[in-house]
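Comments concern the structure below.
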Amino acid sequence: MFRYVAYCAAMYIERVPNRNSPPAVLLRESWRENGKVRKKTVANLSGLPDELVEALRAALKGESIPASEGIASLEKAISIHDARQHGHVAAIHSVLKKSGLLGMIDSKRSRERDVVAAMIIDRIISGDSKLATVRHCDPQTASTSLGELLSLEDLHENECYAAMDWLLEREDKIQKKLAKKHLADGAPGLFDLSSSYFEGQCCELAQFGYSRDHRGDRKQVNYGIYCNTAGTPVGVEVLAGNESDRIAFPIAVERVRKDFNHKNVIFIGDRGMISGKAIDEYLRDEEGADWITALNAASIAKLERCGSIQLTFFDECDLASITHPDYPDERLVVCRNPDLAKRRSKRREALLQATEKLLAEIIKKVERKNKPLRGKDAIGVEVGKIINKKKMAKHFNLTIEDDTFAFDRNAEKIRSESATDGLYVIRSSVDKTRMTDQELVANYKNLEMVERAFRSLKSIDLNVRPIYHRLDNRVRAHIFICMLAYHIEHQMRSQLAPLLFADEQKETAAERDSVVDPVKRSDSAKKKDQTRRTPDGQHPISSFRDILNTLSAITRSRVKVEGHKKGDFKTTSTPTPYQQKILEWLGATRGM
Numbered sequence: 001m002f003r004y005v006a007y008c009a010a011m012y013i014e015r016v017p018n019r020n021s022p023p024a025v026l027l028r029e030s031w032r033e034n035g036k037v038r039k040k041t042v043a044n045l046s047g048l049p050d051e052l053v054e055a056l057r058a059a060l061k062g063e064s065i066p067a068s069e070g071i072a073s074l075e076k077a078i079s080i081h082d083a084r085q086h087g088h089v090a091a092i093h094s095v096l097k098k099s100g101l102l103g104m105i106d107s108k109r110s111r112e113r114d115v116v117a118a119m120i121i122d123r124i125i126s127g128d129s130k131l132a133t134v135r136h137c138d139p140q141t142a143s144t145s146l147g148e149l150l151s152l153e154d155l156h157e158n159e160c161y162a163a164m165d166w167l168l169e170r171e172d173k174i175q176k177k178l179a180k181k182h183l184a185d186g187a188p189g190l191f192d193l194s195s196s197y198f199e200g201q202c203c204e205l206a207q208f209g210y211s212r213d214h215r216g217d218r219k220q221v222n223y224g225i226y227c228n229t230a231g232t233p234v235g236v237e238v239l240a241g242n243e244s245d246r247i248a249f250p251i252a253v254e255r256v257r258k259d260f261n262h263k264n265v266i267f268i269g270d271r272g273m274i275s276g277k278a279i280d281e282y283l284r285d286e287e288g289a290d291w292i293t294a295l296n297a298a299s300i301a302k303l304e305r306c307g308s309i310q311l312t313f314f315d316e317c318d319l320a321s322i323t324h325p326d327y328p329d330e331r332l333v334v335c336r337n338p339d340l341a342k343r344r345s346k347r348r349e350a351l352l353q354a355t356e357k358l359l360a361e362i363i364k365k366v367e368r369k370n371k372p373l374r375g376k377d378a379i380g381v382e383v384g385k386i387i388n389k390k391k392m393a394k395h396f397n398l399t400i401e402d403d404t405f406a407f408d409r410n411a412e413k414i415r416s417e418s419a420t421d422g423l424y425v426i427r428s429s430v431d432k433t434r435m436t437d438q439e440l441v442a443n444y445k446n447l448e449m450v451e452r453a454f455r456s457l458k459s460i461d462l463n464v465r466p467i468y469h470r471l472d473n474r475v476r477a478h479i480f481i482c483m484l485a486y487h488i489e490h491q492m493r494s495q496l497a498p499l500l501f502a503d504e505q506k507e508t509a510a511e512r513d514s515v516v517d518p519v520k521r522s523d524s525a526k527k528k529d530q531t532r533r534t535p536d537g538q539h540p541i542s543s544f545r546d547i548l549n550t551l552s553a554i555t556r557s558r559v560k561v562e563g564h565k566k567g568d569f570k571t572t573s574t575p576t577p578y579q580q581k582i583l584e585w586l587g588a589t590r591g592m
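Each residue of the sequence shown is one higher than the one before, starting from 1 at the first, in UniProt numbering.
Written as structure tokens, this is what we have:
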């Protein structure tokens, strides 16, 4: 049985009070349905001049209006000019203010603060150079409302460099404020080091070193990031490209305990960052300084050889707590991941077979009749190239003579290494009363948060590399701006989690069956993956970059009204329901 509802709609204009802001002027439609009055908003007219609103009100009432007001044929009387992408700029600026970061940079608005804000916003949107930021503000070349929003339409490139110098003078104060807000005293703190390569040869910070970008042909700079366990960045440390973890970690300890004024802190770092030597020199005798790190492969193998680690530990569970005289007053938690063990075993066998195939080619060279390979040194050089490239020297027994070469697998070495496949050992000074074994492992795994920050900084969103600046201070300011941009992006991702593919119901360490196994996505997250929509089915699930692109469709334009005495005015397009939802999650609905 079908039910028909007939209604007659009426259009009218309504002014809605808006607290301390001017009232909203809305074009509404009303009708009667099933004995009740219904209404909906057709358009937001708040940006129109009062004279044009009153003329439109009169037209809707059927009154005669002067032709000069251009209402009789709106499609001919109104033209739109200088349409600029606005939604993503306004949203990021709103989060920048609401997060408190803008006030941390400087409590009072100034030209320098606005330029820094522009560089942070532009870094999130496009990840371009400072010269590009200037072009994005210039009315002649701008595609966004960035320059208009921050009154920087006359921005010059030299002002960007001056603002970078101004910001760097405030770096310590800003980082202290961030640490005070996001890093609690006595709570775990994450620190890790990465690098980015340079284009150019003039900067003293640029040095050749271990390249995590796999660009050994380029000089680089190293930088470490401080985060809390939620992955919120609170500071950055910039070092020369040839300075390693052993230089970075003492600086991190000094920074957190003195500059951030956190006397009680749990440092979390990987086995390269918090080594045994670093613990002995910088942490062991420091009151209130604890650590969570991991043992390297050689130390794990030593524990296995002496019987401290036995595979029978893992018959019923995947982690076990042990002690050893080499680690006094410390906890060792041994974890075994079967999937990781299988992957390592498979990879080792593949490398062994590939190495054997190449070594067999050398035997052919030695045994060939025409120009055979001769001499221990010559044969040794050829063999060395192969085993060093594949890193398989310890897995083979090699016999090299002047006119012969033979090899076979070192079964004992291979067995010894395979015994520790899938094993890793967490090393910590944190007492059991403060943190269980499961929580210890989970906190160490939180280092993934820093890795995520590095990925975002380097390539996914913010494009910290390659670096072109020539002066040390400009490089430091550039990386600091990128860190501040990631701080805002991280907060935006947290707020937009319902609209992203993020897992909002991720299990805690206490809720998981096994803290060693990879974290499994919750049912709600799996549903997101399958349906590509929010649980209520109303909105699509997108990536962070796609959401910014969606917001960019909200434009800020100049509207000209033919024959109107005021000539033209600025107005912002009305957000779609999906855009409105994004703005609501970001708390950026006002001021659009």
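Think of the CB as a built atom: it goes at the ideal place given N, C-alpha and C, for glycine as much as any other residue.
Quick one: what does DSSP say Asn222 is sitting in, helix, strand or coil? Along the sequence shown, one-based indexing puts residue 222 at 222. Here Asn222 sits in strand by DSSP.
Cys335 - containing beta strand (DSSP E), residue span: For the purposes of this step, residue 335 is taken as residue 335 along the sequence shown, with counting starting at 1. That run of the beta strand (DSSP E) goes 331-336.
C-alpha distance - Lys108 paired with Arg271, whole-angstrom precision: Taking the sequence shown and counting its residues from 1, the one referred to as residue 108 is at position 108. Taking the sequence shown and counting its residues from 1, the one referred to as residue 271 is at position 271. Spanning the two alpha carbons is a distance of roughly 43 Å.
Is it a yes or a no for the segment 157-167 touching the segment 102-121, going by three-plus beta-carbon pairs under 8 Å? yes
Per DSSP, cross-strand counterpart(s) of Pro233: As a first step, residue 233 is located in the sequence shown; it is residue number 233 there, counting from the start. Answer is Cys227.
Does the beta-carbon distance from Ser145 to Arg84 come in below 7 Å? In the sequence shown, the residue the question calls residue 145 occupies position 145. In the sequence shown, the residue the question calls residue 84 occupies position 84. Result yes, Cβ atoms of Ser145 and Arg84 sit closer than 7 Å.
For Ile362, which of Leu352, Ala378, Arg348, Ala350 has the nearest alpha-carbon? If you number the sequence shown from 1, residue 362 lands on position 362. Of the candidates Leu352, Ala378, Arg348, Ala350, the one whose C-alpha sits nearest the C-alpha of Ile362 is Ala378.
Endpoints, the alpha helix (DSSP H) within which Arg111 is located: For this step, residue 111 is matched to residue 111 along the sequence shown. Per DSSP, Arg111 belongs to the alpha helix (DSSP H) from 111-125.
Span of the alpha helix (DSSP H) holding Ile479? The count along the sequence shown starts at 1 and reaches residue 479 at position 479. That run of the alpha helix (DSSP H) goes 472-495.
Uninterrupted beta strand (DSSP E) stretches inside the segment 125-189 (no shorter than 3 residues): none
Indicate whether the contact test is met: 3 or more Cβ pairs, each with one atom in the segment 324-340 and one in the segment 515-525, closer than 8 Å. yes
Using the C-alpha atoms, what's the distance from Lys181 back to Val116? Here residue 116 refers to the residue found at position 116 when the sequence shown is read from its first residue. Here residue 181 refers to the residue found at position 181 when the sequence shown is read from its first residue. Val116 and Lys181: Cα-Cα distance of roughly 21 Å.
Cβ-based neighbour list, Ile488, same chain, cut-off 8 Å, excluding 5 preceding and 5 following: For the purposes of this step, residue 488 is taken as residue 488 along the sequence shown, with counting starting at 1. Taken in chain order, the residues that qualify are Ile92, Val95, Leu96, Ser99, Leu101, Ile120, Ile124.
Identity of the residue in Ser428, Ile414, Lys346 nearest Pro328 by Cα: Counting from 1 along the sequence shown, the entry for residue 328 is found at position 328. Nearest option by C-alpha distance: Ser428.
Validate contact between the segment 416-431 and the segment 288-297 using beta carbons, cut 8 Å, 3 pairs: yes
Residue 593, DSSP secondary structure in three states: This structure cannot speak to residue 593, because the chain is shown only from 1 to 592.
With DSSP as the reference, label Ile554 as helix, strand or coil. As a first step, residue 554 is located in the sequence shown; it is residue number 554 there, counting from the start. The answer is coil: DSSP assigns Ile554 none of H, G, I, E or B.
Taking the alpha-carbon of Arg218 as reference, which of Glu254, Glu199, Asn18, Thr550 has the nearest alpha-carbon? Walking along the sequence shown from the start, residue 218 turns up at place 218. It is Glu199.
Pairwise C-alpha distance: Glu51 and Ile71: Translated into positions along the sequence shown, residue 71 becomes position 71. Translated into positions along the sequence shown, residue 51 becomes position 51. For Ile71, the predicted model reports a pLDDT of 43, less than 50, meaning its position is unreliable; a value from the coordinates is still stated below. Rounded to whole angstroms, Ile71 to Glu51 spans 11 Å at the Cα level.
With C-beta atoms as the reference, is Leu193 less than 7 Å away from Gly224? Taking the sequence shown and counting its residues from 1, one reaches residue 193 at position 193. Taking the sequence shown and counting its residues from 1, one reaches residue 224 at position 224. A contact, by the Cβ cut-off of 7 Å.
The beta strand (DSSP E) that contains Asn443, what's its start and end? Here residue 443 is taken as the residue at index 443 of the sequence shown, counted from 1. From DSSP, Asn443 is part of no beta strand (DSSP E) but of the alpha helix (DSSP H) over 437-445.
Out of curiosity, what's the CA-to-CA distance linking Tyr486 and Gly127? For the purposes of this step, residue 486 is taken as residue 486 along the sequence shown, with counting starting at 1. For the purposes of this step, residue 127 is taken as residue 127 along the sequence shown, with counting starting at 1. The straight-line gap from Cα to Cα measures roughly 11 Å.
Straight-line Cα distance separating Glu562 from Glu33: Position 33 of the sequence shown holds residue 33. Position 562 of the sequence shown holds residue 562. Using only the alpha carbons, I get a separation of about 39 Å.
Assigned secondary structure, Gly340 (DSSP; H/G/I helix, E/B strand, else coil): Along the sequence shown, read from residue 1 onward, the residue named residue 340 stands at position 340. Reading off the sequence, residue 340 comes out as Leu, not Gly. Looking at Leu340 - three-state DSSP - the assignment turns out to be helix.
Within the present structure, is the beta-carbon of Cys482 separated from the nearest heavy atom of the ligand ADP by less than 6 Å? Questions concerning the ligand ADP fall outside what the structure shown contains, since it holds no ligand whatsoever.
Output the boundary residues of the alpha helix (DSSP H) element that contains Phe249. Walking along the sequence shown from the start, residue 249 turns up at place 249. It spans 245-254 - the alpha helix (DSSP H) in which Phe249 sits, taken as one unbroken run.
Where do the N-terminal and C-terminal ends of the beta strand (DSSP E) with Gln85 fall, by residue? Taking the first residue of the sequence shown as position 1, residue 85 is located at position 85. Residues 78-85.
When the Cα of residue 618 is compared with those of Asp536, Leu319, Phe501, which residue comes out closest? Only positions 1 to 592 of the chain appear in the structure, and residue 618 is not among them; the question remains open.
Which partner residues of Trp291 appear in the DSSP bridge assignment? Taking the sequence shown and counting its residues from 1, one reaches residue 291 at position 291. In DSSP, Trp291 forms a bridge with Phe267.
Could you compute how far the alpha carbon of Val381 sits from the alpha carbon of Ala360? The count along the sequence shown starts at 1 and reaches residue 381 at position 381. The count along the sequence shown starts at 1 and reaches residue 360 at position 360. Their Cα atoms are separated by approximately 15 Å.
Outcome for Asn261 when other beta-carbon atoms lying within 10 angstroms are tallied against a minimum of 16: Mapped onto the sequence shown, residue 261 falls at position 261. Looking at its Cβ environment, which holds fewer than 16 other Cβ atoms inside 10 Å, Asn261 is exposed.
C-alpha distance - Phe454 paired with Glu237, whole-angstrom precision: Locating residue 454 in the sequence shown gives position 454, counting from the first residue. Locating residue 237 in the sequence shown gives position 237, counting from the first residue. Going by the C-alpha atoms only, they are around 13 Å apart.
Please go through the same chain and pick out, in chain order, the residues whose beta-carbon is closer than 7 Å to the beta-carbon of Gly375, but skip the five residues on each side of it. Counting from one through the sequence shown, the residue named residue 375 turns up at place 375. These residues qualify, in order along the chain: Asp402.
Rounded separation between Val5 and Val37 - CA only: Indexing the sequence shown from 1 puts residue 5 at position 5. Indexing the sequence shown from 1 puts residue 37 at position 37. With a pLDDT of 38 at Val5, under the threshold of 50, the modelled position of this residue cannot be trusted, and the question is left open.
Endpoints, beta strand (DSSP E) assigned at Asp217: Position 217 of the sequence shown, counted from the first residue, corresponds to residue 217. Careful: Asp217 lies outside any beta strand (DSSP E) and carries neither H nor E.
Can you find the residues in the same chain that come closer than 8 Å, C-beta to C-beta, to Arg493, ignoring five residues on each side of it along the sequence? The residue you call residue 493 lines up with position 493 of the sequence shown. Cβ within range, chain order: Leu500, Ala502, Phe544.
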